[in-house]
Amino acid sequence: MQAERIELQGRRVAVTGAGGFIGGAVCRALSSEGASVIGIEVLPEQEEELRAAGVEPRIADVADRAAIAAALEDAELVVHTAAYVREWGSMEDFMRVNVGGTANVLDAAEAAGSERVVHISSVVVYGYEHEGHQREHAFRRAVGVPYIDTKSASDALAARRGAVIVRPGDVYGPGSIPWLVRPVQLMASRRLAVPNKGDGTMLPAYIDDLVAGILLALRRGTPGDTYTVWDGHGVSFSDYYGMLAAALDLREPPRLPKPLLFAAAGALEGFARLRGVPPAMGRHGVTFLDRRGTASNERAREELGWSPSVELPEGIRRSAEWIRAQGIT
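Going by the working numbering, the sequence shown opens with residue 1, and the numbers climb by one from there.
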């Protein structure tokens, strides 16, 4: 059954994780649609930037039940982007934010009488090693990776509570840390390599296309349903990094045997624990870069009327232009 369409102009829309890459882009897009945007962020230093974007900042940790209830008390619509995103860390920290925080947001939205909640997930819930073309309803059982397991658990919770779930692909574009800034920095310092033939599959989603999908889900998404948003054309990690390297006159990452990379990543993790800082790449990262399979975006196309507008070469061009403007290379 098609959900009732919601107009955004003049509505009070709260966005958690408003200071982040995706959350910030959603805030800007909502403002341009005429919505009254409440930006919920845990870091007080983000307040000035949010105000400059025409967003009303409210400082609250989604893991703090009382604080998030107060922050959402007058929200008519909610987009929940806040998450604990790390390659490694304690399960307790991931659970506190990704599962507990999602429960708090859903409870607060219900108490406020919010009409619709859009929960932002990730294609990682399909796992690093899935085969074939995953349908929107597919879930992986626990795989022992805290981020994957807690995002999958938060998806299940959000679906049971009637939220609309958006699963982005690998989100790149100006401002992306994992898919732009970090790989550029690693390539510039020659610390990035891809496993085996570099033919693991990336599921690219340009940030503007993702935001368009999120706003469509907010307008007309069916409660409890899931929409996977990516451009539908898988590209090898070797090709993606190669295109990015060529656009920035960098040397593309070498291809090395996966067992060698895995062993090196394990050693880096050991050194990182001694220093108390994350490694440049851990074993989960190596496994991820050898990921197989894709995911269906059919429901987003058919039910939301979404389609990507930025093809990968153009997205790479815009990304490289932004990198140069930021002086990152």
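Beta carbons: idealized from backbone N, C-alpha and C, even for Gly.
N-terminal and C-terminal residue of the alpha helix (DSSP H) that residue i is part of
i           : result
residue 92  : 91–94
residue 222 : Where residue 222 is concerned, there is no enclosing alpha helix (DSSP H), given that its DSSP letter is neither H nor E.
residue 26  : 21–32
residue 321 : 312–326
residue 183 : 182–188
residue 125 : Careful: residue 125 lies outside any alpha helix (DSSP H) and carries neither H nor E.
residue 300 : 298–304
Residue range of the unbroken beta strand (DSSP E) whose run includes residue i
i           : result
residue 144 : No beta strand (DSSP E) contains residue 144, which DSSP labels as neither H nor E.
residue 167 : 164–168
residue 342 : For residue 342 there is no data in the structure shown, the boundaries of the chain being 1 and 329.
residue 106 : Careful: residue 106 lies outside any beta strand (DSSP E), inside the alpha helix (DSSP H) at 102–112.
residue 16  : 12–16
residue 116 : 116–120
residue 56  : 56–59
residue 205 : 204–206
residue 77  : 77–80
Whole-Å CB distance - residue i paired with residue j, under 8 Å assumed
i           : j           : result
residue 97  : residue 83  : 6 Å
residue 237 : residue 281 : Between residue 281 and residue 237 the Cβ distance is about 12 Å, and since that is not below 8 Å, they are no contact.
residue 26  : residue 177 : Not really, about 16 Å apart at Cβ, beyond 8 Å.
residue 37  : residue 59  : Wrong, their Cβ atoms sit about 15 Å apart, outside the cutoff.
residue 209 : residue 231 : 7 Å
residue 229 : residue 310 : So it is not a contact: roughly 13 Å between Cβ atoms.
residue 69  : residue 118 : In fact, because the Cβ distance is near 19 Å, the residues do not count as touching under 8 Å.
residue 3   : residue 220 : 5 Å
Contact check, residue i vs residue j, beta carbons under 9 Å
i           : j           : result
residue 12  : residue 77  : yes
residue 168 : residue 122 : yes
residue 170 : residue 217 : no
residue 72  : residue 112 : yes
residue 18  : residue 81  : yes
residue 286 : residue 300 : no
residue 75  : residue 114 : yes
residue 185 : residue 328 : yes
residue 319 : residue 174 : yes
residue 200 : residue 288 : yes
Cutoff 9 Å: residue i Cβ touching any chain B Cβ
i           : result
residue 281 : Among the chains of the structure shown, chain B does not appear; only one protein chain is present.
Legend entry - Stretch-stretch touch, CB-based, cutoff 8 Å, three pairs: the stretch 90–101 with the stretch 120–130: no
Inset, instruction - Pair every Cβ in the stretch 178–194 with every Cβ in the stretch 149–162, then say whether three or more of these pairs are closer than 8 Å. - result: no
Legend entry - Residue ranges of each beta strand (DSSP E) within the stretch 213–261, 3 or longer: 226–229
Inset, instruction - Could you say if the stretch 146–156 and the stretch 32–52 meet the contact criterion of at least three C-beta pairs nearer than 8 Å? - result: no
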